[in-house]
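For the sequence shown, this note's numbering assigns the number 3 to the initial residue and increments by one for each residue that follows.
Quick reminder that beta carbons are idealized off the backbone N, C-alpha and C, glycines included.
Here's the structure, in structure tokens; my notes come after.
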Amino acid sequence: MAFSATIYYSSSSLSTLIISSKPTRLTLFPTLLSKNALKVKASTSLNYSDASLAVSPSTVTKNNNWHWKFRDNSINIYYEEHEREGSGTGKNILMIPTISDVSTVEEWRLVANDLIQRDGSTNFRATIVDWPGLGYSDRPKLDYNADVMENFLVDLVNLPDSPLCSSGNNLVIVGGGHAATITLKAAKKGLVKPSAIAAVAPTWAGPLPIVFGRDSSMETRYGLLRGTLRAPAVGWMVYNVLVSNENAIESQYKSHVYANPANVTPEIVQSRYALTKREGARYVPAAFLTGLLDPVQSRDEFLDIFAAMEGNIPVLVVSTSGSPKRSKAEMEALRGAKGVSKFVEVPGALLPQEEYPTAVADALFGFLQEI
């Protein structure tokens, strides 16, 4: 099948696309989306706001790369270890960034730095890890899906050469957004066995499926968009329109990633923009936007993986007061749900750990002191 693409872009509004297909042509152009046309905002479903984040990054005890072997690939995985000097042994915390087009270890640094300096019944050592294809990790052209990300998490926790190999049964996993749900699903299968799990602003549906659903017509459109984003030449063009521009990043942060638009600083925007320019940056967003990284397909499945933790693994859910309506509804469904040991609400939207790190650290600290 012959393939061509025409892209029309207006910088005066959020980047949106409608995809229509004919046997020899794919046309993309901005307009408002209806159920009969696919609209893609220049965003994943995340929010980043807190002026303090860009001002005082936490002290990094160690930063390094772990070589994750997956199929025929050896992928450099970036990680950071945060520990208070002279604190001795204590509880190990794995912090996993929220999956998005601009996912990064940076979102957890202030929370990690806060926790390791607190005095309590135990000391904390935090390891923050970037997902493959995101942040400062390598970004090979894999067929990314939820199973690939779960496989990575399982290997990270269990392999003898991983940064977490000394954690044993003393590991707490803290994840934002999809990262939390992927962790819970792996725990339900018995593939990871943490001592506790904290789900911060947990999500399960990507930006397009949560709005437009998964009927066959929409799945076809998602596939067209995904293929376009992964294509050698036109893929970069579309990616630059949708994701890799400062206006798009600022817009998504102010609209739904952060609760308070005033917290979105130029430094945050520039930091995330730089990530979108890394080689291979478009492959994971192509999967995330179109739902391939969704660990479950329905709210019932979402609730089921939490219920499976009942009596097995303590679970903290950190909801947010300013999340987008649909994401907020999924978080609220966990209030009082089976398997949820503790439910708290903090300020913020989809990235409270970065926008309101002290509130998130308070919630985590209280939970860790109780388990």
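Worksheet item: Can you give the Cα-Cα distance for residue 387 and residue 164, rounded to whole angstroms?
Response: Here the chain comprises residues numbered 3 to 373, so residue 387 is not present and cannot be evaluated.
Worksheet item: Nearest CA to the CA of residue 289: which residue from 352, 228, 319?
Response: 228
Worksheet entry | the region 256-275 in contact with the region 112-119 per 3-pair CB rule at 8 angstroms | no
Discussion item. As an exercise, report each continuous beta strand (DSSP E) stretch of at least 3 residues that is fully enclosed by the region 322-361, in chain order.
Written reply: 344-348
Worksheet item: Taking DSSP as the reference, what is the three-state secondary structure of residue 218?
Response: helix
Item to complete: Please report the residue range of the alpha helix (DSSP H) in which residue 113 lies.
Response: 111-118
Item to complete: Report yes if the C-beta distance between residue 243 and residue 255 is below 8 angstroms; otherwise report no.
Response: no
Fill in: Endpoints, alpha helix (DSSP H) assigned at residue 105
First-last for residue 105: undefined, no H or E at that position.
Discussion item. Please report the distance separating the alpha-carbon of residue 325 from that of residue 146.
Written reply: 26 angstroms
Worksheet item: Which parts of the region 233-287 are runs of the alpha helix (DSSP H), unbroken and 4 residues or longer, counting only runs that do not cross its ends?
Response: 236-244, 248-254, 268-278
Item to complete: Confirm, please, whether the CB-CB distance from residue 184 to residue 128 is below 8 angstroms.
Response: no
Discussion item. In the DSSP assignment, the alpha helix (DSSP H) including residue 301 goes from what residue to what residue?
Written reply: 301-309
Worksheet entry | Alpha-carbon to alpha-carbon, residue 86 and residue 279 | 33 angstroms
Worksheet item: Is the Cβ-Cβ distance between residue 359 and residue 322 less than 8 angstroms?
Response: no
Worksheet item: Do the CB positions of residue 317 and residue 201 come within less than 8 angstroms of each other?
Response: yes
Worksheet item: Is residue 171 near residue 143, with beta carbons less than 8 angstroms apart?
Response: no
Discussion item. Taking the alpha carbon of residue 179 as the reference point, which residue from 187, 373, 205 has its own alpha carbon closest?
Written reply: 205
Fill in: Continuous beta strand (DSSP E) assignments of at least 3 residues falling wholly in the region 114-189
126-131, 173-178
Worksheet entry | Given 8 angstroms, three or more beta-carbon pairs between the region 71-82 and the region 231-248 | no
Discussion item. Cutting at 6 angstroms between CB atoms, please list the residues of its own chain near residue 175, excluding the five before and the five after it.
Written reply: 96, 185, 196, 199
Worksheet item: By the 10 Å Cβ neighbour count, where 16 or more other Cβ atoms means buried, how is residue 368 classified, buried or exposed?
Response: exposed
Item to complete: Would you give the residue range spanned by the beta strand (DSSP E) that residue 76 belongs to?
Response: 75-85
Worksheet item: Assuming residue 137 and residue 277 make a contact with CB atoms under 8 angstroms, what is their CB distance in whole Å?
Response: 7 angstroms
Discussion item. One question on the structure: do residue 295 and residue 210 come within less than 8 angstroms of each other, judged by their Cβ atoms?
Written reply: no
Worksheet entry | Simplified DSSP assignment, three categories, for residue 98 | strand
Worksheet item: Count the other CB atoms within 10 Å of the CB of residue 168; is the residue buried (16 or more) or exposed (fewer)?
Response: exposed
Worksheet entry | Distance between residue 332 and residue 51 (C-alpha atoms, nearest Å) | In this predicted model, residue 51 has a pLDDT of only 33, less than 50, meaning its place in the structure is not dependable enough to derive any value.
Worksheet item: For the putative contact between residue 152 and residue 187, defined by C-beta atoms under 8 angstroms, what is the C-beta separation to the nearest angstrom?
Response: 7 angstroms
Worksheet item: If you draw a straight line from the alpha carbon of residue 173 to that of residue 238, how long is it in whole angstroms?
Response: 39 angstroms
Worksheet entry | Spatial distance of residue 357 from residue 107 (CA atoms) | 14 angstroms
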